[in-house]
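Reading through the structure tokens given below for one structure.
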Amino acid sequence: LVRRRPAPPPNRAMPITEVGVAPNQPVQPNPAGDSALPVGPGLLPVCSYLDTVGKTPLVRLDRALPPEAKHATVLVKLELQNPGGSLKDRIALNMIEEAEKRGDITPGVTTLVDFTSGNTGIGYAMVAAAKGYELIVVMPQVRPMLERYMICRQFGAHVHLFNPSIGAPGALAYIRELCTRPNHFWLNQLGNEDNPAAHSKHTGPEIWAQAGGKVDIFVHGIGTGGCVAGVGGYLKSKNPACKVIALEPSETRVHVGAPMKPHGVVGWAPGVHSQFLAGADLPAAELSEAPRGVVDEWGHVSSAEAVAATLELTRKEGMMVGPSSGAAIKYAIDVAKRPESKGKTIVVVAPSHGIRYVAHPLWGDVSAEAAAALPPGLVPCSDKSQPACLWNSAMYYVGKQ
283 LVRRRPAPPP
293 NRAMPITEVG
303 VAPNQPVQPN
313 PAGDSALPVG
323 PGLLPVCSYL
333 DTVGKTPLVR
343 LDRALPPEAK
353 HATVLVKLEL
363 QNPGGSLKDR
373 IALNMIEEAE
383 KRGDITPGVT
393 TLVDFTSGNT
403 GIGYAMVAAA
413 KGYELIVVMP
423 QVRPMLERYM
433 ICRQFGAHVH
443 LFNPSIGAPG
453 ALAYIRELCT
463 RPNHFWLNQL
473 GNEDNPAAHS
483 KHTGPEIWAQ
493 AGGKVDIFVH
503 GIGTGGCVAG
513 VGGYLKSKNP
523 ACKVIALEPS
533 ETRVHVGAPM
543 KPHGVVGWAP
553 GVHSQFLAGA
563 DLPAAELSEA
573 PRGVVDEWGH
583 VSSAEAVAAT
593 LELTRKEGMM
603 VGPSSGAAIK
613 YAIDVAKRPE
623 SKGKTIVVVA
633 PSHGIRYVAH
643 PLWGDVSAEA
653 AAALPPGLVP
663 CSDKSQPACL
673 WNSAMYYVGK
683 Q
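Written as structure tokens, this is what we have:
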């Protein structure tokens, strides 16, 4: 016999403790199933798809931390668990909804337009599909955009690929030209204050609550700069001693006065100084490593270091993240090693999932292996006399070292 636990009363309330839902708030029973099965602790009640943006987990690093870093706590905000797969879902939703509130855009009438290295474009495409907008995503014609191109198109958005030699300034000029057309609206993630507002309203408060009101250091890479500004500003409002570290690729440190150069940390350094961080109005010669605005330290990670750190995280933590996440976490670990970090809590954001970067050098070795294992035009074996195992990945690298 199987002994069944008695079902709770139909109207029994269960507490939800995640950020944004008050503890002990009554939750309605699951309307899709047994009325005696309430939504359990830590679960959201039934909601709209876009309501699932945010409230992402904050997790503790474990095996990736070397012994000399274990005197600090490193927490990773897993933004890859947003419904569109990245941190950028937050700003896409906030910018579009705030524009709706102002009456700037209308579903079925307005065509939304913006420049992106991909993840914001995917966030836009998801929200546009859910709300009924036409969308034009403008991104560079470079191979790492492959998955982003496909995902945006799958959502129904149009994609315009610009000449990468013209850089961000040229792409923005192209967008301004597009938006001279009737009913075309430029969302402008690089300059729209609703971008950092998404993080000061939501991401920052989530981090503070999840960390139990103890955040000593915040580490994040500069893409638009909205997350650094929004989260950094919020955390400093709660703890003025909180140190904010902003990161760039070592190859192109625009925010300390270096020229823009090619790099492989997708999502960082779009080629212009962030409009949300102090110094945007200064000439390059006047920018330096000194603290300014919300930023206390200007760090950097090379493209090669980003790839190596990302692979290590995947294989030591089971955390498959993109290269910008790996770069930021690598720097956070380096900060944790500092003697002055003893007893400190360091929070770093992982913006997106690694599966979105299959065309990036991050996946180069395993892509080559997979092409050898499963080549184009492969005909399935129909000869039962052949061995049961036709490919062993462990043998692929034998003799290749």
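Positions in the sequence shown are counted from 1; adding 282 to them yields my numbering.
Every residue gets a Cβ at the ideal spot worked out from N, C-alpha and C, and that includes glycine.
So what's S649 in DSSP terms, helix, strand or just coil?
As a working note, residue 649 is residue 367 in the sequence shown. Helix, per DSSP.
Under the three-state DSSP convention, the category A685 falls into:
No statement about residue 685 is possible, as the shown extent of the chain runs from 283 to 683 and does not include it.
What does a CB cutoff of less than 6 Å around A314 pick up in its chain, not counting 5 residues either side in sequence?
The residue you call residue 314 lines up with position 32 of the sequence shown. For A314, the predicted model reports a pLDDT of 43, less than 50, meaning its position is unreliable; a value from the coordinates is still stated below. Closer than 6 Å at Cβ, skipping near neighbours: no residue.
Is E724 buried or exposed, if buried means 16 or more other CB atoms sit within 10 Å of its CB?
There is simply no residue 724 to check, as the chain begins at 283 and stops at 683 in what is shown.
Where R435 and Q363 are concerned, what is the direct C-alpha to C-alpha distance, given to the nearest angstrom?
Taking the sequence shown and counting its residues from 1, one reaches residue 435 at position 153. Taking the sequence shown and counting its residues from 1, one reaches residue 363 at position 81. Answer to the nearest angstrom: the Cα atoms are 21 Å apart.
Can you tell me which of the three DSSP states L375 falls into?
Start at 1 with the first residue of the sequence shown, and residue 375 comes out as number 93. Correct three-state label for L375: helix.
Count Cβ pairs between the segment 577 to 596 and the segment 441 to 452 that sit closer than 8 Å; are there 3 or more?
no
Work out the CA separation of M677 and L469 for me, nearest whole Å.
For the purposes of this step, residue 469 is taken as the residue at position 187 of the sequence shown. For the purposes of this step, residue 677 is taken as the residue at position 395 of the sequence shown. Distance between the alpha carbons of L469 and M677 is about 50 Å.
The segment 640 to 648 / the segment 371 to 386 touching (three or more Cβ pairs under 8 Å)
With the rule of 3 Cβ pairs closer than 8 Å, the segment 640 to 648 does not count as touching the segment 371 to 386.
For G546 and A586, the rounded distance between their alpha carbons
One-based indexing of the sequence shown puts residue 586 at position 304. One-based indexing of the sequence shown puts residue 546 at position 264. About 8 Å.
S623 versus V617 - alpha carbon distance:
To locate residue 623, count along the sequence shown from 1; it is residue 341. To locate residue 617, count along the sequence shown from 1; it is residue 335. Between S623 and V617, the C-alpha separation is close to 7 Å.
Environment of M432 [buried if 16+ CB atoms lie within 10 Å]:
Translated into positions along the sequence shown, residue 432 becomes position 150. Exposed, since its Cβ has fewer than 16 Cβ neighbours within 10 Å.
Indicate the three-state DSSP secondary structure (helix, strand or coil) for I404 in the structure shown.
Here residue 404 corresponds to residue number 122 of the sequence shown, with the count starting at 1. Shown here, I404 sits in a helix according to DSSP, grouped into three states.
Inter-residue CB distance, A588 and P565 (contact presumed, cutoff 8 Å):
Walking along the sequence shown from the start, residue 588 turns up at place 306. Walking along the sequence shown from the start, residue 565 turns up at place 283. Not quite, the Cβ-Cβ distance comes to about 29 Å (not below 8 Å), so this is no contact.
Do the segment 474 to 488 and the segment 569 to 581 touch if we need at least three Cβ pairs shorter than 8 Å?
Too few Cβ pairs lie closer than 8 Å, so no.
Decide if Q423 is buried, meaning its Cβ has at least 16 other Cβ atoms within 10 Å, or exposed.
Sequence index remark: in the sequence shown, residue 423 carries index 141 (1-based). Looking at its Cβ environment, which holds fewer than 16 other Cβ atoms inside 10 Å, Q423 is exposed.
Would DSSP call D396 helix, strand or coil?
As a first step, residue 396 is located in the sequence shown; it is residue number 114 there, counting from the start. Three-state DSSP puts D396 in a strand.
When you compare only the Cα positions, how much space is there between R620 and Q471?
For the purposes of this step, residue 620 is identified with residue 338 of the sequence shown, where counting begins at 1. For the purposes of this step, residue 471 is identified with residue 189 of the sequence shown, where counting begins at 1. Computed Cα separation, rounded: 35 Å.
Could you spell out the range, first to last residue, of the beta strand (DSSP E) harbouring E579?
Taking the first residue of the sequence shown as position 1, residue 579 is located at position 297. Note, E579: beta strand (DSSP E), E579 to V583.
DSSP-derived helix/strand/coil call for K666
Working through the sequence shown from its first residue, we reach residue 666 at position 384. Reduced to three states, the DSSP call for K666 is coil.
When the Cα atoms are used, what is the spatial distance from E651 to R425?
By 1-based counting over the sequence shown, the position of residue 651 is 369. By 1-based counting over the sequence shown, the position of residue 425 is 143. Their backbone Cα atoms lie some 19 Å apart in a straight line.
Residue closest to V536, alpha-carbon to alpha-carbon, out of V554, P522 and A654:
Locating residue 536 in the sequence shown gives position 254, counting from the first residue. Comparing Cα positions, the closest option is V554.
Selection from L569, A670 and R345 that minimises the alpha carbon distance to A540
As a working note, residue 540 is residue 258 in the sequence shown. It is L569.
At 4 residues or longer, what runs of the alpha helix (DSSP H) sit wholly inside the segment 477 to 509?
486 to 492
Measuring CA to CA, which of Q668, E429, W490 and K337 is closest to G636?
For the purposes of this step, residue 636 is identified with residue 354 of the sequence shown, where counting begins at 1. Comparing Cα-Cα distances from G636 to each of Q668, E429, W490 and K337, the minimum goes to E429.
DSSP on E530, reduced to helix/strand/coil?
Position 248 of the sequence shown, counted from the first residue, corresponds to residue 530. Assigned with DSSP and collapsed to three states, E530 falls in strand.
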